[in-house]
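Working notes, beginning with the structure itself.
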Amino acid sequence: MRKFLAPCTLSLGLIVAGCAQDGPTSAESATIVATGPSFAHESNNSAALSGTQGGETIEGQAIINYAKGAPKEWRSTVNLRGDLDAGTYTFFVNGPGGKTAVCSFTVGDRGGRQGCSADTDLGGFGTATVEDSSGNVVASGSFSRRGGMRVG
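Start counting the sequence shown at 979; every next residue gets the next number (our numbering).
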C-alpha cells in the first residue's frame, strides 16, 4: 500500500487539490465517485450595505451567489445590524430591468441582527436596497463581483 493523492469532488462539483488515501495505485482504486447532482458555483456577488433610520446607523451585507445547474440558480441573503424600528422590511436588487423583491423579514421590538434569504431566479442586478413597509430605503449598497458569471 502506498499513499497517493486523488482529486476529491465536493457536492457542488468543485475539485480540490487532493485527498491523501492509503491504497493501491491501480485505476480501479484511484477513482472517487460523487453521488447526487453536481452544481458549478460560478460567482460571488457581495454588497456592503449602510444607511440610517431615525438617526441610528444601519449596516449589513447582501450576498448573491450563482450556482449553475441548481433548481433556482441564485442564492440570495441579506443581514442587517442596527436599531431597526419594528416592522416589515424587504430586500430588493436593482438592475436594468428594474427593482426585484428577493425576500422580506419582520423586526419585533427587540431589533438586533435581522435578515432573510431565498433561492430565486434573478436577472441582472447592480445594487441592493432594504426598504421598510412604506418604501423608505433604510440601507443600500453596490455589488462587487468575483467569479466567472457576470451579470448586471
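Note that beta-carbon positions come from the ideal geometry of N, C-alpha and C, so glycine has one too.
- Distances from the alpha-carbon of Ser-1028 to those of Arg-1123, Val-1116 and Thr-1078 put Val-1116 closest.
- In the three-state reduction of the DSSP assignment, Gly-1060 falls in the coil class.
- If you draw a straight line from the Cα of Thr-1035 to the Cα of Val-1108, it comes to about 14 angstroms.
- The Cβ atoms of Ser-1122 and Cys-1081 lie no closer than 8 angstroms to each other.
- Under the three-state reduction of DSSP output, Asp-1087 falls in the coil class, being neither helix nor strand.
- In the DSSP annotation of this structure, the continuous segment of the beta strand (DSSP E) that includes Asn-1072 starts and ends at 1065-1073.
- Rounded to the nearest whole angstrom, the C-alpha separation of Ala-1079 and Cys-1094 is 12 angstroms.
- Between Ala-1025 and Ala-1096, the C-beta spacing is not below 8 angstroms.
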